[in-house]
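What follows is a set of notes on a single structure, which appears directly below.
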Amino acid sequence: MSGGSAATAPGSTDAGDLWLRRYQPVADPALRLVCLPHAGGSASAFLPFTHLLPDWIEVLAVQYPGRQDRRLEPFVDTVDGLVTQIAGALGPWLDRPVALFGHSLGSLVAFETARRLAEQAPESRVAHLFVSGRVAPTIAHRTTAHLLSDDRLVAKLAELQGTDPRVLADQEVLRLALPAIRNDYRAAATYTWRPGAPLSCPITVLTGSSDPHVPTDGALAWHRLTTGETAFRSFPGGHFYLTEHAEAVCRTIRTATGLAMRAPAPLKSSRRPV
Numbered sequence: 230m231s232g233g234s235a236a237t238a239p240g241s242t243d244a245g246d247l248w249l250r251r252y253q254p255v256a257d258p259a260l261r262l263v264c265l266p267h268a269g270g271s272a273s274a275f276l277p278f279t280h281l282l283p284d285w286i287e288v289l290a291v292q293y294p295g296r297q298d299r300r301l302e303p304f305v306d307t308v309d310g311l312v313t314q315i316a317g318a319l320g321p322w323l324d325r326p327v328a329l330f331g332h333s334l335g336s337l338v339a340f341e342t343a344r345r346l347a348e349q350a351p352e353s354r355v356a357h358l359f360v361s362g363r364v365a366p367t368i369a370h371r372t373t374a375h376l377l378s379d380d381r382l383v384a385k386l387a388e389l390q391g392t393d394p395r396v397l398a399d400q401e402v403l404r405l406a407l408p409a410i411r412n413d414y415r416a417a418a419t420y421t422w423r424p425g426a427p428l429s430c431p432i433t434v435l436t437g438s439s440d441p442h443v444p445t446d447g448a449l450a451w452h453r454l455t456t457g458e459t460a461f462r463s464f465p466g467g468h469f470y471l472t473e474h475a476e477a478v479c480r481t482i483r484t485a486t487g488l489a490m491r492a493p494a495p496l497k498s499s500r501r502p503v
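Structure representation (structure tokens):
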């Protein structure tokens with residue numbers, strides 16, 4: 230399966246950045262939406278967003294190494310390592326506001342990337358943070374999935390209902406896919422929350438109504454991590470509700486980012502670190 234073409238930054242003459250995919254370039258976007266996939270996922274998971282969002286939003290989908298067209302590259306097995314690379318790759322794209330959207334592991338990476346940008350590029354404007362299928366990072370969410378045998382890991386994937394059963398039954402595909410999945414679960418398992426200044430951008434928390442991995446209190450805890458507004462949206466389905474409700478999710482993104490673009494820049498917060 231193709232991973233798409235690497236995005237070439239504005240004004241760049243090089244081959245582009247392997248970390249980002251721009252499936253549908255927008256000539257003069259008002260905002261860029263940076264999408265970060267779940268454990269074992271790839272940039273192509275967000276291809277539908279490019280067709281469902283309005284033409285004033287340009288989608289940049291993150292491609293983690295060790296899969297698809299980056300399958301020969303070594304994995305990055307920590308959230309901090311991913312954030313360092315992604316924040317660096319985003320540098321040339323911060324000429325206009327950005328919003329971040331992450332699902333599951335991607336929510337954790339998106340949040341920490343927003344924090345990193347606030348620290349290292351305070352002149353950039355993170356207009357909105359969308360976190361999907363993940364409890365707030367302040368809540369311990371330990372997993373030992375990366376230590377499971379292949380058979381038990383496949384059973385866990387089947388339980389989450391986010392992988393085509395035909396893929397789970399194909400031993401050759403599994404041979405290629407399981408190392409990336411196991412690596413990403415390891416990144417989630419070794420993540421450690423570090424208190425810091427809250428974000429100032431709005432946060433929208435999206436969940437599946439029957440997702441056992443995101444209890445209500447875990448979702449609500451996101452509001453403590455920003456001085457901006459926090460909104461909560463629940464969709465029918467489990468952990469991978471996003472697959473069936475991409476259109477409704479994109480409507481939520483369109484509405485929320487439209488409001489953020491019209492809002493004045495937030496004042497510098499004097500709130501204590503959380």
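In our numbering, the protein residues as written are 230 to 503.
The beta-carbon is built from N, C-alpha and C at its ideal position, and this holds for glycine as well.
The structure displayed is predicted, hence computed values, not measured ones.
Task: 8 Å Cβ cutoff met for L265 and G310 - done: Position 36 of the sequence shown holds residue 265. Position 81 of the sequence shown holds residue 310. No, these two residues do not count as a Cβ contact at 8 Å.
- [ ] To the nearest angstrom, report how far apart R300 and P294 are at their CA atoms.
- [x] To locate residue 300, count along the sequence shown from 1; it is residue 71. To locate residue 294, count along the sequence shown from 1; it is residue 65. Between R300 and P294, the C-alpha separation is close to 6 Å.
- [ ] Pull up the DSSP beta-bridge partners for G437, would you.
- [x] On the sequence shown, position 208 is the one that residue 437 refers to. Paired residues: F464.
Task: N- and C-terminal bounds of the beta strand (DSSP E) containing H357 - done: Counted from its first residue, the sequence shown places residue 357 at position 128. Unbroken beta strand (DSSP E) run through H357: V355 to S361.
Open item on the list: Let's see if you can read the secondary structure: which residues bound the beta strand (DSSP E) around R371?
Closed with: One-based indexing of the sequence shown puts residue 371 at position 142. In the DSSP assignment, R371 falls outside any beta strand (DSSP E) and carries neither an H nor an E.
Open item on the list: Can you give me the C-alpha to C-alpha distance between T472 and V402, rounded to a whole angstrom?
Closed with: As a position in the sequence shown, residue 472 is number 243, starting the count at 1. As a position in the sequence shown, residue 402 is number 173, starting the count at 1. So the alpha carbons of these two residues sit roughly 20 Å apart.
Task: T242 versus R395: straight-line alpha-carbon distance, rounded - done: Walking along the sequence shown from the start, residue 242 turns up at place 13. Walking along the sequence shown from the start, residue 395 turns up at place 166. In this prediction, T242 has a pLDDT of 31, which is less than 50 and means its spatial position is unreliable; nothing more can be read from the coordinates.
Task: Supposed close pair L272, V255 - CB separation, criterion 8 Å - done: Translated into positions along the sequence shown, residue 272 becomes position 43. Translated into positions along the sequence shown, residue 255 becomes position 26. As written in the sequence, residue 272 is Ala, which differs from the Leu given in the question. With 8 Å as the limit, A272 and V255 do not qualify as a contact, their Cβ atoms being about 17 Å apart.
Task: Collapsed DSSP secondary structure at D298 in the structure displayed - done: In the sequence shown, the residue the question calls residue 298 occupies position 69. Three-state result, D298: helix.
TODO: With V338 as the anchor, note down where its alpha helix (DSSP H) starts and where it stops.
DONE: On the sequence shown, position 109 is the one that residue 338 refers to. Per DSSP, V338 belongs to the alpha helix (DSSP H) from L334 to Q349.
Task: In DSSP terms, what V327 is bridged to - done: Within the sequence shown, numbered from 1, the residue matching residue 327 stands at position 98. Looking at the DSSP assignment, V327 forms a beta bridge with R261 and V355.
TODO: Work out the CA separation of A426 and L282 for me, nearest whole Å.
DONE: Here the question's residue 282 lines up with position 53 in the sequence shown. Here the question's residue 426 lines up with position 197 in the sequence shown. Using only the alpha carbons, I get a separation of about 31 Å.
TODO: State buried or exposed for A244, treating a residue as buried only when at least 16 other CB atoms are found within 10 Å of its CB.
DONE: Within the sequence shown, the letter at position 15 stands for residue 244. With a pLDDT of 35 at A244, under the threshold of 50, the predicted position of this residue should be treated as unreliable, though the coordinate-derived value follows. Exposed, by the Cβ-count rule.
Task: Where T481 falls: helix, strand or coil (DSSP) - done: The residue labelled residue 481 in the question sits at position 252 within the sequence shown. If DSSP states are grouped into helix, strand and coil, T481 belongs with the helices.
Open item on the list: So, under 8 Å CB-CB, A448 and T436 are touching, yes? Tell me the CB distance rounded to an integer number of Å.
Closed with: Here residue 448 corresponds to residue number 219 of the sequence shown, with the count starting at 1. Here residue 436 corresponds to residue number 207 of the sequence shown, with the count starting at 1. About 5 Å separates the two Cβ atoms, so the contact holds.
Open item on the list: For a test of the three-state rule: what should DSSP assign to L282, helix, strand or coil?
Closed with: Counting from one through the sequence shown, the residue named residue 282 turns up at place 53. The answer is coil: DSSP assigns L282 none of H, G, I, E or B.
Task: Sequence-distant residues of the same chain with beta carbon closer than 6 Å to S353, five excluded per side - done: By 1-based counting over the sequence shown, the position of residue 353 is 124. Result list for S353: L323 and L346, in chain order.
Task: Three-state secondary structure assigned by DSSP to R423 - done: Against the sequence shown, residue 423 aligns to sequence position 194. DSSP places R423 in coil when its eight states are reduced to three.
TODO: Could you spell out where the beta strand (DSSP E) holding R250 opens and where it closes?
DONE: Taking the sequence shown and counting its residues from 1, the one referred to as residue 250 is at position 21. Per DSSP, R250 belongs to the beta strand (DSSP E) from D246 to R250.
Open item on the list: So for T486, helix, strand or coil by DSSP?
Closed with: As a first step, residue 486 is located in the sequence shown; it is residue number 257 there, counting from the start. T486: helix per DSSP, three-state reduction.
TODO: Taking only runs that begin and end inside the region 383–415, name each unbroken alpha helix (DSSP H) of 4 or more residues, in chain order.
DONE: Entirely contained in the region 383–415, the alpha helix (DSSP H) runs reaching 4 residues are, in chain order, 394–397.
Open item on the list: According to DSSP, is T455 part of a helix, a strand, or is it coil?
Closed with: If you number the sequence shown from 1, residue 455 lands on position 226. Strand, per DSSP.
Open item on the list: Using the Cβ count rule (16 or more neighbours within 10 Å means buried), how would you classify D246?
Closed with: The count along the sequence shown starts at 1 and reaches residue 246 at position 17. Result: buried.
- [ ] Taking the CB atoms as reference points, tell me whether H442 and L334 lie closer together than 8 Å.
- [x] Here residue 442 refers to the residue found at position 213 of the sequence shown. Here residue 334 refers to the residue found at position 105 of the sequence shown. Result no, Cβ atoms of H442 and L334 do not sit closer than 8 Å.
- [ ] Would you grab the beta carbon distance between L405 and V383 for me? Rounded to a whole angstrom, and I think it's under 8 Å.
- [x] The residue labelled residue 405 in the question sits at position 176 within the sequence shown. The residue labelled residue 383 in the question sits at position 154 within the sequence shown. Cβ-Cβ separation between L405 and V383: approximately 13 Å, too far for a contact (criterion under 8 Å).
TODO: Taking 8 Å as the cut-off, decide whether the C-beta atoms of P431 and G457 are in contact.
DONE: Locating residue 431 in the sequence shown gives position 202, where the first residue counts as 1. Locating residue 457 in the sequence shown gives position 228, where the first residue counts as 1. Less than 8 Å separates the beta-carbon of P431 from that of G457.
Open item on the list: Can you tell me whether A236 is helix, strand or coil according to DSSP?
Closed with: Looking up residue 236 in the sequence shown gives position 7. In the structure shown, A236 sits in a strand (DSSP, three-state: E or B).
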